[in-house]
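Each protein sequence line maps, in turn, to chains B and L. Positions 857 to 1341 (our numbering) are the ones given, in order, by the first sequence. Positions 3 to 86 (our numbering) are the ones given, in order, by the second sequence. All remarks here apply to the structure that follows.
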Amino acid sequence: MSKISAPRSNREFVEACIKSGDAVRIKQEVDWDNEAGAIVRRVCELGQAAPFMENIKDYPGFSYFGAPLSTYRRMAISLGMDPASTLPEIGKEYLKRTNSEPIAPVTIDRKDAPCKENILLGDDVDLCKLPVPLVHDGDGGRYVGTWHAVVTKHPVRGDVNWGMYRQMMWDGRTMSGAVFPFSDLGKALTEYYLPRGEGCPFATAIGLSPLAAMAACAPSPIPEPELVGMLSGEPARLVKCETNDLEVPADAEIILEGVILPDYKVEEGPFGEYTGYRTSPRDFRVTFRVNAITYRNNATMTISNMGTPQDEGQMLRSFSLGLELEKLLRSQGIPITGVYMHPRSTHHMMIVGVKPTYAGVASQIAHLAFGSKLGPWFHMVMVVDDKTDIYNWDEVYHAFCTRCHPANGIHIYKNTVGTPLYPFATPHERKYSIGSKVLFDCLWPVDWDPVNDVPTTVSFKNVYSQEIQDRVAGNWTAYGYPPVK
Amino acid sequence: MNQWEVFVMDVAELAEGQDLELTIRTLNPGVQKYTYKRVRAQVSSSLDQFADQLQVRLGRGQLSKARFSIRVIEEIQRCPAKYL
Ligand SMILES: Cc1cc2nc3c(=O)[nH]c(=O)nc-3n(C[C@H](O)[C@H](O)[C@H](O)COP(=O)(O)O)c2cc1C
């Protein structure tokens, strides 16, 4: 593999983004109470440069970096690619790297770990010492974790999990979070810790390198510390925690260490979510007791502000969910051309292109997609043929509106895995995470005679001979039209 | 005077003249703003009945027009002592 030069820390990433014009320094004072959140939200909705806020009210010495990966340009920069790379190019690179050999992390000495520059223990531990933002007005609390990794280890198998599960500050020592039961951490809690009444050690790492953050929210079966290595082409640098045996990214800006309590829960939410709504109900959720805080000098807190498109909740998750499904379908030998999730679908619709060589292939795709670990996060699969450009919504929409048979092409699945976040779900379904799914099969049936039954696509490219196409295209300006790019 | 805020599904949960157990958050300016406490308290729709003020948010964070005064009788510690 050629040498990758991806930013190895959030700091290197901020610098790279400022250099390319994809981040701006904000020097004037910004209030952590709504103002910073509103800046990040507006940046997401306008698709503008990420704000690096250097002067935060009440918190001298700290800074914020908002909307880290809410554009494809910043995603390309995070991978060490040309910012102008197209989405298919970025996707191809992600697939290449995540199909390569795993690269194990290395553990470094704590004296070399930037995240140990300041250490708060015992009575000094107080989350209010960190510039925890109120991200949206009306949220249930200030959110410590909006762009971060919660690090845990499976008590029996020993595998390490980094997951991005939102965390709300309840008081100076307590956080509550939305850890869904189908997530890796959710399963470790419900299968092991909760029935035994044992606390689960955790560490939250905030201000990660962008690829570490990408790994924490990627639905990949590869353990995240190795996945970061594969994405960045070099081992992730880890360091041991102060109060437990977990290891955290040494270059992270802020680390919180503590225990997930098995017998105590506090309220969490409501919170602005990736769907563009505040949907999931306030509830008693997984509760984290913080026992240590370590942080870099001049630490930067990262903020993702989820809401209407497009923020990293939609951009990055659509990207990695789509590509992980592509890997799964290819591993099963399905003749797909690709998988794409439009970020504006708030990662609710998988568009899959396939060569329809046998009957039932759309339904096979839907069963695999909905039945996989990725399945809870989307409820629509649309299958189009290999001639439809999955990245071109006009073509996909045309295929959907013309080829999907209202009675035979729409398949509904009830009582599937869901989340409390689906805006269309009934209050009962949200409370119990009950889902339902739909497949839109936009393929011509294989039992139609391809010559006499399948309609002919009437387009410039499809109905005219190459000779006519070339003549018309060649004469285009001579006819009096402006040149076509 | 302290400013507090509470989340409820229905304002009727804030019955006047009774001891209530509520999870409230402080709106006082400063770095503690929005941190929570569990308390036993009384509320009144008469804003000068008690010294502290309480504003109300509904299920999805909407600010209610209802306003109360509140007397915090005591803080309740729900967290098991072994973790404190
Ligand atoms: C900004 C952001 C916030 C997220 N918040 C949550 C959350 O609160 N709870 C959750 O279960 N997943 C959340 N996710 C999705 C998870 O990070 C994702 O499902 C990840 O793969 C979790 O790993 P796991 O399913 O392997 O445990 C979030 C993703 C992003 C990008």
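Just so you know, even glycine gets a beta-carbon here, dropped at the ideal spot from N, CA and C.
> Going by DSSP, what residues sit across from F1140(B) in a beta bridge?
Replying inline: Taking the first sequence and counting its residues from 1, one reaches residue 1140(B) at position 284. Residue pairing by DSSP puts F1140(B) in a beta bridge opposite E1123(B).
>> Please tell me whether P1079(B) and E1180(B) are closer than 9 Å, where the distance is taken between their beta carbons.
In response: Here residue 1079(B) refers to the residue found at position 223 when the first sequence is read from its first residue. Here residue 1180(B) refers to the residue found at position 324 when the first sequence is read from its first residue. No, these two residues do not count as a Cβ contact at 9 Å.
> Which residue spans inside the stretch 964-1046 of chain B form an unbroken beta strand (DSSP E) run of at least 3?
Replying inline: Segments of the beta strand (DSSP E) lying fully in the stretch 964-1046 of chain B: 974-977, 998-1001, 1004-1009, 1016-1019, 1023-1027, 1030-1033.
> To which residues of the same chain is N1318(B) closer than 8 Å at the C-beta, ignoring the five residues directly before and after it?
Replying inline: Residue 1318(B) sits at position 462 when you count from the first residue of the first sequence. Hits under 8 Å: T1312.
> P1105(B) and A1061(B): beta carbons closer than 9 Å?
Replying inline: Stepping through the first sequence from its first residue, residue 1105(B) is reached at position 249. Stepping through the first sequence from its first residue, residue 1061(B) is reached at position 205. Their beta carbons are under 9 Å apart, which means P1105(B) touches A1061(B) by this criterion.
>> Within 10 Å of its beta-carbon, does T1002(B) have 16 or more other beta-carbons around it, so buried, or fewer, so exposed?
In response: As a working mapping, residue 1002(B) is identified with position 146 in the first sequence. The residue in question, T1002(B), is buried, as its Cβ has 16 or more Cβ neighbours within 10 Å.
>> Restricting to Cα atoms, I'd like to know which of S861(B), S926(B), N890(B) is closest to L844(B).
In response: Here chain B covers residues 857 to 1341 and nothing more, so residue 844(B) does not appear.
> For the putative contact between T37(L) and M1025(B), defined by C-beta atoms under 8 Å, what is the C-beta separation to the nearest angstrom?
Replying inline: Working through the second sequence from its first residue, we reach residue 37(L) at position 35. Working through the first sequence from its first residue, we reach residue 1025(B) at position 169. Between T37(L) and M1025(B) a beta carbon distance of about 7 Å is seen, short of the 8 Å cut, so the two are scored as contacting.
>> Using the Cβ count rule (16 or more neighbours within 10 Å means buried), how would you classify R897(B)?
In response: Here residue 897(B) refers to the residue found at position 41 when the first sequence is read from its first residue. By the 10 Å Cβ count, R897(B) comes out buried.
> Taking C-alpha atoms, which residue in P1232(B), F1038(B), I1192(B) lies nearest to Q1220(B)?
Replying inline: Here residue 1220(B) refers to the residue found at position 364 when the first sequence is read from its first residue. Ranking P1232(B), F1038(B), I1192(B) by Cα distance to Q1220(B) puts I1192(B) first.
> From the DSSP output, which residues share a beta bridge with E76(L)?
Replying inline: For this step, residue 76(L) is matched to residue 74 along the second sequence. E76(L) is bridged to R42(L).
> Going by C-alpha distance, which of Y999(B), G1169(B), I933(B), K985(B) is nearest L1087(B)?
Replying inline: Counted from its first residue, the first sequence places residue 1087(B) at position 231. I933(B) is the residue among Y999(B), G1169(B), I933(B), K985(B) whose C-alpha sits nearest the C-alpha of L1087(B).
> Assuming D995(B) contacts G63(L) under a Cβ cut-off of 8 Å, what Cβ separation, rounded to an integer in Å, is found between them?
Replying inline: Taking the first sequence and counting its residues from 1, the one referred to as residue 995(B) is at position 139. Taking the second sequence and counting its residues from 1, the one referred to as residue 63(L) is at position 61. Contact check for D995(B) and G63(L): beta-carbon distance about 6 Å, within the 8 Å limit, so the pair qualifies.
>> Under 8 Å: does the beta carbon of V1035(B) sit that close to some heavy atom of ligand 1?
In response: Walking along the first sequence from the start, residue 1035(B) turns up at place 179. In this structure, V1035(B) has its CB closer than 8 Å to one or more heavy atoms of ligand 1.
>> By the three-class DSSP mapping on this structure, what secondary structure does I933(B) have?
In response: Taking the first residue of the first sequence as position 1, residue 933(B) is located at position 77. The DSSP-derived three-state label of I933(B) is helix.
> Are the CB atoms of A17(L) and V45(L) nearer to each other than 9 Å?
Replying inline: One-based indexing of the second sequence puts residue 17(L) at position 15. One-based indexing of the second sequence puts residue 45(L) at position 43. Yes.
>> Residues in the same chain with beta-carbon distance under 7 Å from M857(B), minus the five sequence neighbours each way, listed in chain order, please.
In response: Counting from 1 along the first sequence, the entry for residue 857(B) is found at position 1. Confidence at M857(B) is low in this model, with a pLDDT of 47, below 50, so the placement of that residue should be treated as unreliable; the coordinate-derived value is given next. In the same chain as M857(B), and ignoring 5 residues on each side of it, the C-beta atoms closer than 7 Å to its own belong to S956, G1089, in chain order.
>> Taking the alpha-carbon of F918(B) as reference, which of P987(B), L1185(B), G1163(B), P1081(B) has the nearest alpha-carbon?
In response: Taking the first residue of the first sequence as position 1, residue 918(B) is located at position 62. Comparing Cα positions, the closest option is P987(B).
> So V1210(B) and V1239(B) are in contact, right, with Cβ under 8 Å, and what is the actual spacing, rounded?
Replying inline: Looking up residue 1210(B) in the first sequence gives position 354. Looking up residue 1239(B) in the first sequence gives position 383. The beta carbons of V1210(B) and V1239(B) sit about 6 Å from each other, so the pair counts as a contact at 8 Å.
> For G1227(B), which three-state DSSP category applies?
Replying inline: Numbered from 1 along the first sequence, position 371 holds the residue referred to as residue 1227(B). Here G1227(B) carries a helix assignment [DSSP, helix/strand/coil].
> M1025(B) touches chain L at which residues, Cβ-Cβ below 8 Å?
Replying inline: Translated into the one-based positions of the first sequence, residue 1025(B) becomes position 169. Within chain L, the residues near M1025(B) are Y36, T37.
> Which class does M857(B) belong to by DSSP, given the choice of helix, strand or coil?
Replying inline: Taking the first residue of the first sequence as position 1, residue 857(B) is located at position 1. With a pLDDT of only 47 at M857(B), under the threshold of 50, the placement of this residue in the model should not be trusted; the figure read from the coordinates follows. Coil, per DSSP.
>> Just to confirm my understanding: we take C984(B), look at its own chain, exclude 5 residues before and 5 after, and list those with CB closer than 6 Å. What are they?
In response: To locate residue 984(B), count along the first sequence from 1; it is residue 128. Within its own chain, the residues whose Cβ lies closer than 6 Å to the Cβ of C984(B), once the five positions on either side in sequence are excluded, are G1028, listed in chain order.
>> For a test of the three-state rule: what should DSSP assign to A872(B), helix, strand or coil?
In response: One-based indexing of the first sequence puts residue 872(B) at position 16. Residue state, collapsed to three classes: helix.
> Does K1287(B) get closer than 9 Å to chain L when you measure Cβ to Cβ?
Replying inline: As a first step, residue 1287(B) must be located in the first sequence, where it is residue number 431. Not closer than 9 Å to any Cβ of chain L, the Cβ of K1287(B) fails to qualify, so no.
> At least one CB of chain B closer than 9 Å to the CB of L49(L): is that the case?
Replying inline: The sequence position of residue 49(L) within the second sequence is 47, counting from 1. Not an interface residue.
>> If you follow the alpha helix (DSSP H) that W1249(B) is in, where does it begin and where does it stop?
In response: Taking the first sequence and counting its residues from 1, one reaches residue 1249(B) at position 393. Residue range 1249-1259 is occupied by the alpha helix (DSSP H) that includes W1249(B).
> Between the C-alpha atoms of L1041(B) and D1309(B), what's the straight-line distance to the nearest angstrom?
Replying inline: Position 185 of the first sequence, counted from the first residue, corresponds to residue 1041(B). Position 453 of the first sequence, counted from the first residue, corresponds to residue 1309(B). So the two alpha carbons sit approximately 51 Å from each other.
> Any chance the stretch 895-912 of chain B sits against the stretch 1136-1143 of chain B, with 3 or more Cβ pairs inside 8 Å?
Replying inline: Inter-segment contact for the stretch 895-912 of chain B and the stretch 1136-1143 of chain B is absent: fewer than three beta-carbon pairs are separated by less than 8 Å.
> Rounded C-beta distance between Q57(L) and L49(L)? I'm assuming under 8 Å.
Replying inline: For the purposes of this step, residue 57(L) is taken as residue 55 along the second sequence, with counting starting at 1. For the purposes of this step, residue 49(L) is taken as residue 47 along the second sequence, with counting starting at 1. Contact between Q57(L) and L49(L) is ruled out by a C-beta separation of about 11 Å, above the 8 Å threshold.
> Can you tell me where the alpha helix (DSSP H) with E1182(B) in it begins and where it stops?
Replying inline: Along the first sequence, read from residue 1 onward, the residue named residue 1182(B) stands at position 326. For E1182(B), the enclosing alpha helix (DSSP H) starts and ends at 1168-1187.
> Taking all protein chains shown into account, do 16 or more other C-beta atoms lie within 10 angstroms of the C-beta of Q1170(B), making it buried, or fewer, making it exposed?
Replying inline: The sequence position of residue 1170(B) within the first sequence is 314, counting from 1. Classification of Q1170(B): buried, given that the 10 Å Cβ count is 16 or more.
> Taking Cβ-Cβ distances shorter than 8 Å, what residues in chain L pair up with P1137(B)?
Replying inline: For this step, residue 1137(B) is matched to residue 281 along the first sequence. Residues of chain L with a Cβ closer than 8 Å to the Cβ of P1137(B) are, in chain order, G61.
> Given a limit of 9 Å on CB to CB distance, which residues of the stretch 1145-1163 of chain B reach chain L?
Replying inline: Within the stretch 1145-1163 of chain B, the qualifying residues are R1145.
>> Please confirm whether L65(L) has its beta-carbon closer than 9 Å to some beta-carbon of chain B.
In response: Residue mapping note: residue 65(L) aligns to position 63 of the second sequence, counting from 1. Output row for L65(L): interface = yes.
>> Just to confirm, is the Cβ distance from L1295(B) to A1218(B) under 9 Å?
In response: Counting from one through the first sequence, the residue named residue 1295(B) turns up at place 439. Counting from one through the first sequence, the residue named residue 1218(B) turns up at place 362. Yes. Within cutoff.
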